[in-house]
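Residue numbers (the working numbering): 115 to 285. Don't be surprised by glycine CBs; every beta carbon is placed ideally from N, CA and C. Since the model is a prediction, treat every value here as computed from it, not as a measurement. Notes follow once the structure below has been shown.
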Amino acid sequence: MWLADVGFGSGLLEPLPLVEGTPQRQGAWEYQLRRGADGAWRLRERTTGSWTTLLTFTEEPQYPVDVEVANHNTATSPHSPFTQQCIVVRKHDTAIRRLIGRDYSEERPGDLTRTRSLTDEEYGAVLDSEFSLALSPPEIRALIATLPPPDGDRPTAPDLELRPPTGDHDA
């Protein structure tokens, strides 16, 4: 059996064999599957010297209706983070880039996450250059209109602020 990322989730670059314990490399990223005391699997990623659980899952069968309902709720619920803000993520062999609201971050395995808040002027350029999303000026203006104003306490200069990785860490 294999674990594959079919959308938002782990960020796997390719399927992993469903085998416990053995670290698996994908580009510069390192993953490991562990089974918890509850019998559920944990997909873990090595970050700055420790393992972080990315997701927990079971081997219960999933049917198309399960996926359809989950996708519907994710896309339409007012409580879903995906309906409350712009979320763009792109992962490749050596880095993962995230744009969540105004916050742009870049993470590389073993390094601190670099984060900064984007200005209105930078927003469309970052979508184009970092995520290959070429939006028209009216589309960019409409998207910016949904964002909170820039936070004066956050860095907006071209240099990214260094921040430690976040997440629940497992030993």
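Asked	Found
W116 burial status per 10 Å Cβ neighbour count (16 or more: buried)	exposed
Coarse secondary structure for T229, derived from DSSP in three states	strand
Local conformation of T260 per DSSP, three classes	coil
Neighbourhood of R211 by C-beta distance below 6 Å, restricted to the same chain and skipping five residues each side	R204, E220, E244
Three-way DSSP call (helix, strand, coil) for D242 in this model	helix
Reference T162; option with closest CA among F171, Y145, L169, R149	Y145
Local Cβ density within 10 Å of E159, reported as buried at 16 or more and exposed below that	buried
Residue of L147, W165, L261 minimising C-alpha distance to D217	L261
Sufficient close CB pairs (3 or more, under 8 Å) joining the stretch 170-188 to the stretch 142-156	yes
Residues near V202 by beta carbon distance below 6 Å, same chain, minus five either side	L213, F245
Residue environment, T280, which counts as buried when at least 16 other CB atoms sit within 10 Å	Interpretation of T280 is limited by its pLDDT of 49, a score under 50 that renders its predicted location unreliable; the figure taken from the coordinates is listed afterwards. With fewer than 16 Cβ atoms within 10 Å of its Cβ, T280 is classed as exposed.
P303 in three-state terms, based on DSSP	Outside the displayed span of the chain (115 to 285) sits residue 303, for which this structure offers no information.
Which of helix, strand or coil DSSP assigns to E145	A small fix is needed here, since residue 145 is Tyr in this sequence, not Glu. Three-state result, Y145: strand.
V240 versus A151: straight-line alpha-carbon distance, rounded	43 Å
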